[in-house]
Amino acid sequence: MNNNIHFVDIGFSNYVDAGKILTVNRPDSSPIKRALQQAKESGRFLDLTQGKKTRSIITQSSDTGLIFTASAVLTSTIMNRIRESEAKQLKRNAEKTSDKAIAIAHEEIIETTNE
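Residue numbers for the sequence shown follow numbering that gives the first Met the number 0, so the first one is 0 and each next one is one higher.
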């Protein structure tokens, strides 16, 4: 698995790649409704609400264009999950960088004492 990919739970144990999310919108605006209709007609719509009320629409980029995903989770909750996921990813990256720096410093100390 690519270390740069981090997934976010959008409800009912459905996950999307947070790095490909472009927008998280409420489903009740006219532009979103029009975009959803076009996405449904072209097969670029995923309904992951499990029959519940749609509370957010997630727009993602893909190699073939935009994908629209319906979720029963509130937009604010999804955004909080994205922020938490990004914070965890940044922490992991910082720990890896710190570990590498410590290893390099350790090697330099060993080389210096062996000279």
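Idealized CB from N, CA, C, for every residue including glycine.
Just so we're clear, the structure is a prediction, and the values are computed from it rather than from any experiment.
Local conformation of residue i per DSSP, three classes
i: Ile-109; result: helix
i: Gly-64; result: strand
i: Ser-28; result: coil
i: Gly-18; result: helix
Straight-line gap, residue i to residue j (C-alpha atoms, nearest Å)
i: Ile-130; j: Ile-108; result: With the chain represented from 0 up to 114, any question about residue 130 goes unanswered, as that position is not in the structure.
i: Gly-18; j: Glu-110; result: 41 Å
i: Arg-80; j: Thr-22; result: 14 Å
i: Met-0; j: Val-7; result: Reliability of the predicted coordinates at Met-0 is poor, the pLDDT of 46 falling under 50, and the value obtained from them is presented with this limitation in mind. Between Met-0 and Val-7, the C-alpha separation is close to 15 Å.
i: Phe-112; j: Glu-94; result: The displayed chain sequence assigns Thr, not Phe, to residue 112. Their backbone Cα atoms lie some 27 Å apart in a straight line.
i: Gly-42; j: Tyr-14; result: 19 Å
First through last residue of the beta strand (DSSP E) which encompasses residue i
i: Val-72; result: It is not in any beta strand (DSSP E) - Val-72 carries neither H nor E in the DSSP assignment.
i: Leu-45; result: 44 to 46
Practice problem: Would you check if there are 3 or more beta carbon pairs closer than 8 Å linking the stretch 98 to 113 to the stretch 51 to 66? | Solution: When Cβ pairs closer than 8 Å are counted between the two stretches, the stretch 98 to 113 is seen not to touch the stretch 51 to 66, the count staying below three.
Quiz item: Is it a yes or a no for the stretch 28 to 41 touching the stretch 70 to 80, going by three-plus beta-carbon pairs under 8 Å?
Solution: Output reads no: the stretch 70 to 80 does not touch the stretch 28 to 41.
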